[in-house]
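Novice:
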Amino acid sequence: MQKPTSLADYLQDWEALLAALDQNLGDLPQLQIARNKLDGLLEQARTLLPAQAAQTAAKQSTSQQLEAVLTSGRKVATVIRFTVKEHYGNRNEKLTEFRIQPFRSRTVPPTLPAPESSAPDEPSSTSSDV
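Count along the sequence shown from 1, then add 232; that gives the number in my numbering.
#1: Between the region 268 to 279 and the region 241 to 253, can you find at least three pairs of beta-carbon atoms closer than 8 Å?
#2: For residue 322, name the three-state secondary structure that DSSP assigns.
#3: Within 10 Å of its beta-carbon, does residue 327 have 16 or more other beta-carbons around it, so buried, or fewer, so exposed?
#4: Cα separation between residue 240 and residue 299?
#5: Does the region 250 to 264 come within contact of the region 275 to 283, defined as at least 3 CB pairs closer than 8 Å?
#6: In whole angstroms, give me the CA-to-CA distance for residue 305 and residue 311.
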């Protein structure tokens, strides 16, 4: 026989085991306490199954409600950020308190003056003035 792996497999395995014990209880009286315990656990598992299914459905419903709340919250947060930006302006550092990046222009490094050339401005002539 293969080992049970799912909940349904375990429940079927326990039912078959209890049925076999009931038929052979005369031969195995020492297992009466363990049999009663397994029977109680089987009944407990059967009563927990509907509760588990109800909680799964409730979890799905709660997840849908949470998603709706998050969608509404994102929209309201966006409206607040745009209103704050409009009130303070898009360059005000106060925006950082609201976790909004203020517009900062890029700082351009100062330009260095062009190096002076050592060449004379006028071309020199090779002929001498006579």
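Yeah, the Cβ is synthetic: ideal placement off N, Cα and C, and Gly gets one too.
Specialist: Put simply:
#1: Judged by pairs of C-beta atoms under 8 Å, the region 241 to 253 touches the region 268 to 279, as three or more such pairs exist.
#2: Walking along the sequence shown from the start, residue 322 turns up at place 90. Residue 322: coil per DSSP, three-state reduction.
#3: Against the sequence shown, residue 327 aligns to sequence position 95. Per the 10 Å Cβ criterion, buried.
#4: Numbered from 1 along the sequence shown, position 8 holds the residue referred to as residue 240. Numbered from 1 along the sequence shown, position 67 holds the residue referred to as residue 299. Going by the C-alpha atoms only, they are around 33 Å apart.
#5: Result no; under three Cβ-Cβ pairs closer than 8 Å.
#6: Reading the sequence shown from its first residue, position 73 is the one you call residue 305. Reading the sequence shown from its first residue, position 79 is the one you call residue 311. Roughly 10 Å separates the two Cα atoms.
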